[in-house]
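Novice:
Protein chains: 2
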Amino acid sequence: MMGLMNPAWQLLNDLLMAQRARMPAIAAEFELSPVQAQVLRLLEPERPMPMGRLACGLGCDASNVTGIVDRLEARGLIERRPAPADRRVRVLVITPAGRRVRTTMLARLAEPPVEITRLSREDQELLAGILARMAAAD
Amino acid sequence: MMGLMNPAWQLLNDLLMAQRARMPAIAAEFELSPVQAQVLRLLEPERPMPMGRLACGLGCDASNVTGIVDRLEARGLIERRPAPADRRVRVLVITPAGRRVRTTMLARLAEPPVEITRLSREDQELLAGILARMAAAD
DNA sequence: CAGAGGTACTTGAGGTTGTCAAATATCCGG
DNA sequence: CCGGATATTTGACAACCTCAAGTACCTCTG
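Protein chains in written order, with the working numbering: chain A, 18 to 155; chain B, 18 to 155.
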C-alpha cells in the first residue's frame, strides 16, 4: 500500500532531503547562520526592505526579526534606517561589507553541484524544460 | 557577469528554496519540531538505532541528541533501551504510538505536490529518469 | 589481570532561533 | 482630537545547537 508513491516525486523528494544541508553548509563558510544567510539573500542592494516584510519573507514572527537584525547589524552587514514616510517603520539596507559577503555567497550558491554537471547536455535541457513547466503557475 | 548560471540548476535551486518550508510545515501538523520529525523518519521500526548513529544521521553533535531524545521519549514516541552487547550504548526503538505517527507522517510526505501531478505523464517519466541518473553515483 | 587510552552518552554553560503576550510609538479615519 | 490599527521592541520561555568536561564502559597491551 505504501509502495505506490509517484516515482518522480519519490526521487525529487529524496533529492530535496539530500540537499537539505546545502544552505546551512554554505552559510557556515561565511560564518553565518542559515537565517542570517537567508536575510542577506533576501535583502537586495538598491532595494531596502522594512523589517515587517523581512519577517514575512522569513516566514517567522516579527519579534524574532529584531534579534536577527541586531546581530547582523552588530557585524556591520546591514543597517537599520528610519523610513521618512512612516516613522514606525525601520528600513533595512545592506552595507558595503554586507554587499561583498552577499555577492560571494550568491556566487557560491549558484555553483551547480556535481549531480547536475554530471548530466548530459540533453538531460540538462530536458530537466530545465520540465522544471520550467512545473514552476509555471496559472 | 553573474547571469550565466546553469539554467537547470537555477530552476532546481528555486525549487529547493521554495520547498524549504515543506518539512517543517508537515512536522507541525503532528505537533513535531522539524528535528523530531526527522528522527521519526530515520528511526525505522524493526531497525533500532544507537544514539550515536542518530547524531550522525542528523548531522549534529551527540550531546544535542540527548535532549531531542529526552523530549520524544517523554512524549512516548520512542524509547531508550540498553544494548546487550555494549553497555555504553543506548539503542533507540520506536514505540507503537511513535509508529502510528511515523506512518501517517510518511504518508503525508509521500503526497506529491500539485506541481508534480500537474505535469503530463511523459514529463513525469522523463523527470523520474533524469533524477534517477542524477542519483546514480558511480 | 591491571592499567591506559578510546568510545558512548550525559551534563553544564552559553549562544541563536523561535513563539506569544504586552508595551511603545506612530499612523489613519471619523 | 480620539480610538483603533500597525510596526517594532521587550520579556519570558522553550527548542536546538556547540563545545568542554565528566562518567561509565570497552579493548588493547604488557
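All residues carry an ideal CB built from backbone N, CA and C; glycine is no exception.
Tell me which residue opens and which closes the alpha helix (DSSP H) that I61(B) is part of.
Specialist: Numbered from its first residue, the second sequence carries residue 61(B) at position 44. It is worth fixing the name first, because residue 61(B) is Glu in this sequence and not Ile. Per DSSP, E61(B) belongs to no alpha helix (DSSP H) and is neither H nor E.
Novice: Could you check the C-alpha separation between L109(A) and E90(A) for me, to the nearest Å?
Specialist: Here residue 109(A) refers to the residue found at position 92 of the first sequence. Here residue 90(A) refers to the residue found at position 73 of the first sequence. About 10 Å.
Novice: Below 8 Å CB to CB, which residues in the same chain sit around A79(B) once its five sequence neighbours on both sides are set aside?
Specialist: On the second sequence, position 62 is the one that residue 79(B) refers to. These residues qualify, in order along the chain: M68, G69 and A72.
Novice: What's the C-alpha gap between P41(A) and L33(B)?
Specialist: Within the first sequence, the letter at position 24 stands for residue 41(A). Within the second sequence, the letter at position 16 stands for residue 33(B). Each residue's alpha carbon lies about 13 Å from the other.
Novice: Between L158(B) and I111(B), which are expected to be in contact by the criterion C-beta below 8 Å, what is the C-beta distance as a whole number of angstroms?
Specialist: Since the first residue shown for chain B is 18 and the last is 155, residue 158(B) is missing from the structure and cannot be characterised.
Novice: Listed from N- to C-terminal order along the chain, which residues in the segment 61-87 of chain B have their beta-carbon within a distance smaller than 9 Å of any beta-carbon of chain A?
Specialist: Only G76 from the segment 61-87 of chain B bring a Cβ to less than 9 Å from some Cβ of chain A.
Novice: Using a Cβ cut-off of 7 Å, which residues of the segment 131-146 of chain B contact any Cβ in chain A, in chain order?
Specialist: E132, I133, L136, D140, Q141, L143, L144 and A145
Novice: Which residues does DSSP pair with I95(A) in a beta bridge?
Specialist: The residue labelled residue 95(A) in the question sits at position 78 within the first sequence. Residue pairing for I95(A): DSSP places it in a beta bridge opposite I111(A).
Novice: Please give me, in chain order, every unbroken run of the beta strand (DSSP E) with length at least 3 that falls completely inside the segment 102-150 of chain B.
Specialist: Scanning the segment 102-150 of chain B for uninterrupted beta strand (DSSP E) segments of 3 residues or longer gives 107-111, listed from N- to C-terminal end.
Novice: Among R135(A), M122(A) and P24(A), which residue has its Cα nearest to the Cα of P51(A)?
Specialist: Stepping through the first sequence from its first residue, residue 51(A) is reached at position 34. Here the closest residue by C-alpha is M122(A).
Novice: E63(A) to P113(A), Cα distance in whole Å?
Specialist: The residue given as residue 63(A) occupies position 46 in the first sequence. The residue given as residue 113(A) occupies position 96 in the first sequence. Those two C-alpha atoms are separated by around 11 Å.
Novice: So, G17(A) versus L57(A), is the Cβ gap smaller than 8 Å?
Specialist: No answer is possible for residue 17(A): the residues shown for chain A start at 18 and end at 155.
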